[in-house]
Every structure is written in C-alpha cells, then in structure tokens.
Amino acid sequence: MAEIKENKRIFKKNDEVEIEIIDLTDKGDGIGKYEGFTIFVKGALIGDIVVAHLIYVQKRYANAIIAKIVKPSEHRVESPCPVAGKCGGCQVMNLKYEEQLKMKQSKVYNCLKRIGGIENPNVLDIKGMEYPYFYRNKAQFPVGEDKLGKPLIGFYSMRSHNIISSDDCYIESPDFNAVKNVITSFMEKYKVKAYDEKTRKGILRHVLMRKAHATGEIMVCLIINADKLPHEAELLAMLLDMDFEGDRPDGIPDEVYGKKPFIKCIAVNVNKENTNIILGRKTYFLTKEKNILDKIGDVSFEIAPQSFFQVNPLQTRKLYETALEYAELDGSQVVWDLYCGIGTISLFLARKAKKVYGVEIVPEAIENAKKNAEINGIENAVFECGPAEEIVEKMLKNVQEKTDVVVVDPPRAGLDEKLISTVVGMQPERIVYVSCDPATLARDVKLFGEQGYEFIKAQPVDMFSATVHVETVCLLMRE
0 MAEIKENKRI FKKNDEVEIE IIDLTDKGDG IGKYEGFTIF VKGALIGDIV
50 VAHLIYVQKR YANAIIAKIV KPSEHRVESP CPVAGKCGGC QVMNLKYEEQ
100 LKMKQSKVYN CLKRIGGIEN PNVLDIKGME YPYFYRNKAQ FPVGEDKLGK
150 PLIGFYSMRS HNIISSDDCY IESPDFNAVK NVITSFMEKY KVKAYDEKTR
200 KGILRHVLMR KAHATGEIMV CLIINADKLP HEAELLAMLL DMDFEGDRPD
250 GIPDEVYGKK PFIKCIAVNV NKENTNIILG RKTYFLTKEK NILDKIGDVS
300 FEIAPQSFFQ VNPLQTRKLY ETALEYAELD GSQVVWDLYC GIGTISLFLA
350 RKAKKVYGVE IVPEAIENAK KNAEINGIEN AVFECGPAEE IVEKMLKNVQ
400 EKTDVVVVDP PRAGLDEKLI STVVGMQPER IVYVSCDPAT LARDVKLFGE
450 QGYEFIKAQP VDMFSATVHV ETVCLLMRE
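Have a look at this one:
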C-alpha cells in the first residue's frame, strides 16, 4: 500500500479528507488539492466541497469517491437520469448545461495555450445545443445477464464491464429502448444466451443501432459469437412488426426527434474473437436493405453498419457549416479531405469546390463515399482507399492542380507526424482541422506552426452534452 511522506499528512486507502473541487479531468472527475497533494474525485463538480473517500493512493495523487457533499456547487443540478453516477456514458449530466459549455470552451482554450504554445488563442464562443437531450442517433449496447440469468441490454458501468440496464437514457434516441425490449423478449422466448467474456460462451455480444434523423429509418445490427444467429427468422418478424407509437418522451421537440421511426435494415455481424473490438469482419443481412439513408443539410448519405457518421445530426450541420466557412470556397479551389469516412465533409464541400479528393483507410467507407457522391449527383469528388500519408503522395504524382485547402478529421489520437509533413508539403493556403480531442489538436497545431502554418481561430461545437467531450473546428493559414 502506497503512502505519502512528502506532505504534512500521510494518506492511505480509505482515508477521508474534506476538499474543494477546483477543476475537472478529461474524464470528468473532480480535481481537488490538500497541501499540494492532488485528489481525483469521481462525480464531483467544480465548486463542490466534498468529503473524499480515498480508494487508490499513489505518491503524488489519489483517486476517490464522494463520501459526503458538504456544500454543493452552485452549478450542480439534479440529474434526470435514474442511473446517473453508475452508468459510464455521461460524466456531467448533473452540471448546468451553460456551465458544461463554459467548461468545454475553456478546455479548448487551455489546451491550445498550454500544449499548443499559443499565448492568447482565438477561441470563439462554443456552439451549444438548443435542447441537450435525446440527441444520439447511434448506440452500441453490450449484452449480458443478471444474477437470475435474464438477459440485460444496457451500458457498462463506470470503468467496468458490469452492465446496467436502463430504459430512460437521456442522450440516446428514445426509439432504441423499444428495440432493446423486443430483442430481450426474443432472447427469453428462444433461449438465446448472452455472450460471457470470461467463459467465451453464449451467442449475443452487442446490439448496435442507428436512426436516420431525416428519414426515420432504423438499422439494427446484432453482433454474435457464432456463424449464424439462432431463430433469426423469428427475430426478423418481431422487429419488422414493431410499432413505435408511444415511445416518444413528452416535451422532445420535433426538430430533435426527427421523422417517425421504422425498422429498415437488420444485420448480423460475426465476431468470435477474444477482443474488446465490437464489430467482426463478416456481416450478413436479414433484410433486403443493407443501409439506411440520412441527410446533413441537403446532402444525402447511405450509412452501413461499419460506417462512421457523426452521432448528433443537428450539431453536425453546425460543425460542417463551420468547416465550409473556414475553407472559403468559391468554386475555384481544389480540396483534399483526409480521413474522409463515407464522404460526409467531402460532399458537403464539393458543392462549393472545383474538385475534392477524399482519402480513407477503410474500404467499406470509400465504397459508401462513392455511392453517396452518386446519390447526390456530385461528379467533382474522387475517393481513394489507403493510409493517407501513403495515398496522398501517390495521388499527387497524377494530380496537376495546386492544392488550395486540406481538411483533416482524424480520430482521437490526432495526426501522424509523417502525415503533417505530407500536408505541409502540399502547401495549401488553408488547413481546416476538425478535432474530437483538444489535446491532440493543440499538439498538432504546434507542429503545423513549426512548419509555417499560423493558428487563426478555433470554433468549439458541443456535439455531446452531459459528457466532457467537445468537437472543434480550427483554421490554420500558411504564413
């Protein structure tokens, strides 16, 4: 057991100490100090004064849970979620929404200043949500069993693989609850067992769902530990017979809820590997339809089970409109979209560009991107599959036009240094960086700055209320 000897007080596991919370971590834990010793408190908010119960002690810090709230933060509110604090999905639902926005904007500013080395970064006011509930159009539910052996479809609890069942999630589409209930009934009726991570036995591992906001189309994908789902014809009939009447919560605006839902696509994904990766390599379909159709603005997109598509349709439009604004297109520019996915940003920009080249490493995504260009009648977008740092260099040998704008929308890990050098070598006037992690954004902005690109401004967009995550669009220009 670790002990602290550098402070006036020696801490050990199960000690309790009263502290004030002064900040939040990237994971949403409260940060407090006691004589220079840092304590991370799960569930605590900035401004709370709490008695922290230490559960893990190291030399310079400890992790803790709240034993008692001595004085709540003035920004603390009652969470509407019945499993708040247990579920691992939302970290700050008990924080006033306007304070969530301030926290996220400050997070972007501080990362750009501290990591990016920008003295006073121009971070614009965050674009928040008018109605910060029921916004997610995608969910991935683990499947398990309770102590009595009954199936559970829900969420992992905080920092564990224990499944919590809830029919009242306040950030996902409410229509998913009805689908979960049908699948649970199917499992009970036909004795289809949930997958057990320890024994690696059982059939159903996860259920992935998507809802197309603009059309109401719902996709259901069942991930199984088998080559074939037992009684799949019976499940198909049960799902296609669903009536979603009465599943819409009171007070949810039409703009947020979207079109009336119906099941369009049912897929089965085979994953027999001992892994935490949800989707396996093989997918087959129980329906004739293999995609659902959604829109961002007036651009339509076909979405497959493996497709990356932003989970918040209303805020996605704000995000992409910002990227379009920063690109400053007038029809004469050549744009490269790296990490293009199914072509969402590429096709959004193509209407105002001379030509768009999209690059993505996932083959299925590139096929979707080409099909989406066809659906929208867009002929000035070219898509290629492979690692961006390799494909770009090969393509540039055959592309005669000067590159005007490069758009990057990387995963949370940010950009590879080799790709940054490749982008700099293309000499675009503008780089539009769409980021889901302020820390890696700031790191990459600094690297671009060292190679001649000046940070101009950053626009945070809240895509994920009740969580600590924030999306940012950043503009860099060649000096």
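Going left to right, the sequence shown walks through residues 0 to 478 as numbering that gives the first Met the number 0 numbers them. Backbone N, C-alpha and C fix where the C-beta goes; we use that ideal spot for every residue, glycine too. Small disclaimer: the values here were computed from a predicted structure and weren't measured.
Residues that DSSP places opposite residue i in a beta bridge
i	result
GLU144	PRO150
TYR60	THR37
GLN139	LEU207
ASP22	ILE30
VAL333	LYS354
VAL16	ALA51
GLN458	VAL472
GLU98	For GLU98, which the question treats as bridged, DSSP gives no partner whatsoever.
CYS80	In DSSP, CYS80 forms no bridge with anything.
TYR155	ILE162
MET425	None; MET425 has no bridge partner.
Contact belief for residue i with residue j at Cβ below 8 Å, rounded distance in angstroms
i	j	result
GLN314	VAL431	So it is not a contact: roughly 17 Å between Cβ atoms.
ALA479	SER306	Residue 479 cannot be examined here, being either before or after the span of the chain that is shown, 0 to 478.
GLY116	LYS445	5 Å
VAL219	ILE163	At roughly 21 Å, the Cβ-Cβ gap does not stay under 8 Å, so VAL219 and ILE163 are not in contact.
ARG429	TYR325	7 Å
VAL82	ASN93	About 12 Å separates the two Cβ atoms, so there is no contact after all.
CA nearest to the CA of residue i, picked from the options
i	options	result
VAL122	CYS473, GLU478 and ARG477	CYS473
ILE262	LYS12, LYS210, ASN371 and TYR108	LYS210
ALA352	VAL361, ASP403, ARG316 and GLY342	ASP403
PHE36	GLU17, PRO260 and HIS205	GLU17
LYS101	GLU366, VAL467 and LEU475	VAL467
LEU323	PRO304, ILE295, ILE276 and ILE341	ILE295
GLU400	ALA387, ARG411, VAL355 and ALA457	VAL355
GLY148	THR183, TYR130, LEU235 and GLY116	THR183
LEU398	VAL381, LYS370 and PRO409	This sequence places Val at residue 398; Leu is not what is there. If we check each option's Cα against that of VAL398, VAL381 comes out closest.
ILE68	GLU77, ALA51, TYR60 and VAL82	ALA51
HIS205	GLY143, PHE463, MET157 and GLU77	GLY143
CYS384	ASN93, TYR130 and GLY340	GLY340
ILE38	ASP25, TYR60 and GLY27	TYR60
GLU288	ALA193, PRO304 and GLY376	PRO304
Same chain, Cβ closer than 7 Å to residue i, five either side skipped, listed in chain order
i	result
LYS106	PRO437 and VAL469
ALA1	With a pLDDT of only 49 at ALA1, under the threshold of 50, the placement of this residue in the model should not be trusted; the figure read from the coordinates follows. Same-chain partners within the cutoff: VAL56, GLN57 and LYS58.
ILE54	LYS12, ASN62, ALA63 and ILE64
GLU388	ASP415, LYS417, LEU418 and THR421
ASP174	LYS210, ILE217, PHE243, ASP246 and PRO260
PRO71	ASP47
Cβ-based neighbour list, residue i, same chain, cut-off 8 Å, excluding 5 preceding and 5 following
i	result
ASP293	ASN136, ALA211, HIS212, ALA213, THR214, GLU216, SER299, PHE300, ILE302, PHE308 and PRO312
PRO229	TYR189, VAL191 and ILE202
ARG199	ASN224 and ASN273
Proximal residues to residue i (C-beta, below 6 Å), its chain only, five neighbours per side dropped
i	result
GLN450	VAL423
TYR169	PRO79, CYS80 and TYR132
SER434	LEU440 and THR471
LYS85	SER156 and ILE163
VAL310	ARG135, ASN136 and LYS137
MET186	PRO150
CYS110	PRO437, ALA438 and ALA441
Cutoff 8 Å: residue i Cβ touching any chain B Cβ
i	result
ALA63	The structure shown contains no chain B; it is built from a single protein chain.
Check your understanding: What residue ranges within the region 302 to 328 form continuous beta strand (DSSP E) runs of no fewer than 3 residues, ordered along the chain?
Key -> DSSP runs (the beta strand (DSSP E)) wholly in the region 302 to 328: none.
Point to revise | Residue ranges of each alpha helix (DSSP H) within the region 361 to 421, 4 or longer | key: Positions of the alpha helix (DSSP H) runs, each at least 4 residues long and wholly inside the region 361 to 421, are given as 362 to 374 and 387 to 395 in order along the chain.
Check your understanding: Of all the beta strand (DSSP E) runs that stay within the bounds of the region 260 to 289, which reach a length of 3 or more residues?
Key -> Counting only runs of at least 3 residues, the region 260 to 289 fully encloses the following beta strand (DSSP E) elements, listed from N- to C-terminal order: 261 to 269 and 281 to 284.
Review point. Of all the alpha helix (DSSP H) runs that stay within the bounds of the region 163 to 199, which reach a length of 4 or more residues?
Key: Runs of alpha helix (DSSP H) with 4 or more residues, each lying fully within the region 163 to 199, are found at 174 to 189, listed in chain order.
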